[in-house]
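Residue numbers (this note's numbering), protein chains in the order written: chain A, 1307 to 1550; chain B, 13 to 586.
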């Protein structure tokens, strides 16, 4: 075991006390294998009980503890001490309104999801048993279904910083998850929900989202697919109109 | 702020959401969670959900029933097990239709794999019964159910912490909750209240459970006089990542992984000659600890190895990607090349709030129902898991009994009276918070919690005995006393998580005491409850459920019979 001393520099904001964010520093000793979330826990438990952040599963599956750590959005529970320099800087996820310390308002982010009709739609009478789907078809969704809605991607997106009405990468991953599902029948409806000026066309393939995704989803690839399908649909529509 | 709903549900995991989908067909539904809905700990369930689909090899619900009863060391109520296993195939098909992205067989059917204690022909050999979505099965189902409940117009109240559930004269009127963000108290008046708040693994130091798994609602109901059933039965999963307790799914052994001790032996061959590493969790956890105690840990240390190097890399990547990633991130290990250090980790409460087959909460050993109060999922005890739950039966339990509770609630709404939470419940909740907020104590709630988790782990985990349990009960009572004088530093109203952690500590302490007292009384070994001073199962005295209640004199323990339909208790061998 390898114990090291770290300085945690944390952006603080208490809406009941502070007019603007301020910075606090804490000295934290961590074993090399410990998570930064463990370090935040040590501060909260024994140094400053008012330090506020979200956390639950502590192993990268619930998506609660997304924050900006040394300039990059990531999960505090999935970042280990051994991968960090001596000073670790914590900030709330950028571009989301701050509620307190590292806690941001996730509602605007989650509401974007509802736009893309995030549920399987298929009105055909279901068969007696499961609908069949080949392993290859199921694999097409594999990346998209691992999304944990942590917000790292959308919060890292310059297009989102510039326009808070922009749907943002997470919502596109959700749309792609259903477009890629061979059991779903609402592709057209979904594409029309995302193919607009504050939708797909606002993505400039900056790739920040891919860089920060803790589940390593090729988000920009999924957005490209949606763009491709939207264009295809548009062209098919034009041909149809000419004939008519 | 006052709210009126036909149904209010606490918890947005699998049980709560499945119930919400059902109940929202008959009336308005509110779902409260102290997290955002998709952060619920159901999302961490990895390996699978059990059903005798027979997609990969012949299987029958009858065999599933037998395995569940035997796995539970004959303490499960067999009428309930018949309901669960009998409804399993329909349940999985329904989940698939709702959109769950299950992994598939080459023919396109739902793929299935082996899991601990699941066998064909009444124990002949392991069977492929666990339906899975890689090793993210809980996550896949949780999102599908959340998405469908949103579509159905269920009202979500994220980051609402329940402070009080009002039960008076065998009737529930609703509950009182704190809006974490604003610090405002809200009351939810309801015809039906469903508790689906999950487990309480945070009573232990090493656990696979989330930091949020603190059993608040069980603590609240216990305080209100509702008994808690079979609390001595707490499952330790044999393969938690060493030092962290993060779960490595039993599916890893289902795909061919084995446990190895310091001498390089596949030791489960000695403990369960027929199904070896796929024996039920209570047996495997005892085996692991026994190997370690007898000096056969890795390099004589306090862990063993889970060896997945025999599984082909493509299979690991396709079917076990999540745990492969955990090993890489947290241990710096590639499981296709090196074995994984593991040790048992506190995982699942078999016990909980007693209910009937439709989720109605029962307030005594005679089966009297509390009108308007329901429970489902890990917080409930139907009892389908008896003294030890089989892997992939918990997800099944949540969905089957969540749906049944939702249906029962829907049917009750027409004749049910409107609930109205009294001023008393609101005052109680406010007082609880004010007491902590204005307390002048200097002791940290967090250090008391750490102490509790440590002593629970040391004295009330896989192996137990009277001397240590007695000592533990005394220690818990001292901690309770100290906790009443603990103080916090954050006196603010908004997003005060320090305050809520202090509230949670109260529940952890209460539940720990119930676990210990129930364990102390049960002078036999059955399933996950192993008494070193009483190593045999004793059906003559102990084939019965424990019911622990809070009375004026302290915790009182009573008992009720086990429902036995098809399978008489036999010696449990694998």
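Backbone N, C-alpha and C fix where the C-beta goes; we use that ideal spot for every residue, glycine too.
Close-in-space but distant-in-sequence residues of the same chain around residue i (CB under 8 angstroms, 5 per side omitted)
i, result
"residue 56 (chain B)", "150, 151, 220, 222, 259"
"residue 1322 (chain A)", "none"
"residue 1453 (chain A)", "1476, 1479, 1480, 1483, 1521, 1523"
"residue 171 (chain B)", "45, 46, 47, 48, 191, 192, 193"
Bounding residues of the beta strand (DSSP E) (the contiguous stretch that carries residue i)
i, result
"residue 74 (chain B)", "Residue 74 (chain B) -> not in any beta strand (DSSP E); alpha helix (DSSP H) instead, spanning 73 to 83."
"residue 1373 (chain A)", "1372 to 1375"
"residue 1364 (chain A)", "Premise fails: residue 1364 (chain A) is in no beta strand (DSSP E) and is neither H nor E."
"residue 180 (chain B)", "172 to 180"
"residue 312 (chain B)", "Note, residue 312 (chain B): premise wrong, no beta strand (DSSP E); not H, not E."
"residue 353 (chain B)", "352 to 361"
"residue 198 (chain B)", "196 to 207"
"residue 129 (chain B)", "124 to 132"
"residue 386 (chain B)", "381 to 387"
"residue 575 (chain B)", "Neither: residue 575 (chain B) is in no beta strand (DSSP E) and is coded neither H nor E."
"residue 1459 (chain A)", "Not the beta strand (DSSP E): residue 1459 (chain A) falls in the alpha helix (DSSP H), residues 1458 to 1461."
"residue 247 (chain B)", "246 to 253"
"residue 556 (chain B)", "556 to 563"
Nearest to residue i (by Cα), restricted to the options the options
i, options, result
"residue 1521 (chain A)", "A:1537, A:1318, A:1418, A:1366", "A:1366"
"residue 385 (chain B)", "B:401, B:366, B:378, B:554", "B:366"
"residue 166 (chain B)", "B:576, B:174, B:317, B:42", "B:42"
"residue 371 (chain B)", "B:96, B:53, B:115, B:169", "B:96"
"residue 330 (chain B)", "B:250, B:147, B:389, B:500", "B:147"
"residue 1412 (chain A)", "A:1497, A:1501, A:1347, A:1459", "A:1459"
"residue 500 (chain B)", "B:449, B:335, B:217, B:530", "B:449"
"residue 1326 (chain A)", "A:1338, A:1407, A:1340, A:1355", "A:1407"
"residue 544 (chain B)", "B:554, B:256, B:553, B:531", "B:531"
"residue 307 (chain B)", "B:291, B:465, B:274, B:33", "B:274"
"residue 566 (chain B)", "B:85, B:208, B:239", "B:239"
"residue 1485 (chain A)", "A:1528, A:1371, A:1359, A:1335", "A:1528"
Contacting residues, own chain, Cβ-Cβ under 7 angstroms from residue i (five flanking each side not counted)
i, result
"residue 131 (chain B)", "75, 79, 137, 138, 139, 287"
"residue 432 (chain B)", "185, 201"
"residue 556 (chain B)", "571, 572, 573, 574"
"residue 460 (chain B)", "491, 494, 495, 498, 517"
"residue 1333 (chain A)", "1311, 1313"
"residue 440 (chain B)", "176"
"residue 416 (chain B)", "369, 370, 371"
Bridge-paired residues (DSSP) for residue i
i, result
"residue 1339 (chain A)", "DSSP output for residue 1339 (chain A) lists no bridge partner at all."
"residue 1329 (chain A)", "A:1317"
"residue 167 (chain B)", "B:42"
"residue 1378 (chain A)", "A:1375"
"residue 1310 (chain A)", "A:1336"
"residue 143 (chain B)", "B:61, B:124"
Sequence-distant residues of the same chain with beta carbon closer than 6 angstroms to residue i, five excluded per side
i, result
"residue 550 (chain B)", "536"
"residue 1549 (chain A)", "Because the pLDDT at residue 1549 (chain A) is just 46, under 50, the model does not fix this residue reliably, and the point stays unresolved."
"residue 38 (chain B)", "422, 425"
"residue 576 (chain B)", "90"
"residue 15 (chain B)", "200"
"residue 1410 (chain A)", "1398, 1399, 1402, 1404"
Range covered by the alpha helix (DSSP H) that runs through residue i
i, result
"residue 191 (chain B)", "Taken as a continuous stretch (DSSP letters only), residue 191 (chain B) belongs to no alpha helix (DSSP H), being part of the beta strand (DSSP E) at 183 to 191."
"residue 345 (chain B)", "Note, residue 345 (chain B): premise wrong, no alpha helix (DSSP H); not H, not E."
"residue 1497 (chain A)", "1493 to 1500"
"residue 519 (chain B)", "509 to 533"
"residue 409 (chain B)", "405 to 424"
Interface residues of the region 1414 to 1426 of chain A facing chain B [CB-CB below 8 angstroms]: Correct list: 1416, 1420, 1424, 1425, 1426.
Using a Cβ-Cβ cut-off of less than 7 angstroms, give me the residues of the region 1452 to 1485 of chain A that come near chain B, in sequence order. For the region 1452 to 1485 of chain A, the set of positions with a beta-carbon nearer than 7 angstroms to some beta-carbon of chain B reads 1452, 1455 in chain order.
Check each residue of the region 189 to 217 of chain B: if its Cβ is closer than 8 angstroms to any Cβ of chain A, include it; give the result in chain order. From the region 189 to 217 of chain B, only 193 have a Cβ closer than 8 angstroms to chain A.
Which residues, in order along the region 1386 to 1410 of chain A, keep a beta-carbon less than 9 angstroms from a beta-carbon of chain B? Those residues of the region 1386 to 1410 of chain A that come within reach of chain B (Cβ to Cβ, closer than 9 angstroms) are 1386, 1388, 1405, 1406, 1407, 1409.
In the region 222 to 248 of chain B, which residues sit with their C-beta less than 7 angstroms from some C-beta in chain A, listed in chain order? Taking 7 angstroms as the Cβ-Cβ cut-off against chain A, the residues of the region 222 to 248 of chain B that qualify are 222, 223, 224.
Select from the region 101 to 122 of chain B all residues with a C-beta closer than 8 angstroms to any C-beta belonging to chain A, and list them in chain order. 104, 105, 108, 109, 110, 111, 113, 114, 115, 116, 117, 118, 119, 120, 121, 122: these are the residues of the region 101 to 122 of chain B whose beta carbon lies less than 8 angstroms from some beta carbon of chain A, given in chain order.
Interfacial residues, the region 1359 to 1379 of chain A to chain B, with Cβ spacing under 9 angstroms: Answer set for the region 1359 to 1379 of chain A: 1359, 1360, 1361, 1362, 1363, 1364, 1365, 1366, 1367, 1368, 1369, 1370.
Using a Cβ-Cβ cut-off of less than 8 angstroms, list which residues of the region 1315 to 1339 of chain A approach chain B; keep chain order. With the criterion set as a beta carbon lying under 8 angstroms from some beta carbon of chain B, the members of the region 1315 to 1339 of chain A are 1320, 1321, 1322, 1323, 1339, in sequence order.
Check each residue of the region 27 to 61 of chain B: if its Cβ is closer than 7 angstroms to any Cβ of chain A, include it; give the result in chain order. Those residues of the region 27 to 61 of chain B that come within reach of chain A (Cβ to Cβ, closer than 7 angstroms) are 47, 48, 50, 51, 53, 55, 56.
Taking Cβ-Cβ distances below 7 angstroms as the criterion, which residues of the region 506 to 532 of chain B are in contact with chain A? Cβ contacts with chain A: 506, 507, 509, 510.
Pull out every residue of the region 1423 to 1449 of chain A whose Cβ sits closer than 7 angstroms to any Cβ of chain B, in chain order. Contact residues of the region 1423 to 1449 of chain A toward chain B are 1424, 1425, 1426, 1432, 1435, 1436, 1437, 1438, 1439, 1440, 1441, 1444, 1447 (C-beta to C-beta distance below 7 angstroms).
So if I threshold CB-CB distances at 9 angstroms, which residues from the region 332 to 351 of chain B count as touching chain A? Answer in chain order: 333, 334, 337, 338, 341, 342, 343, 344.
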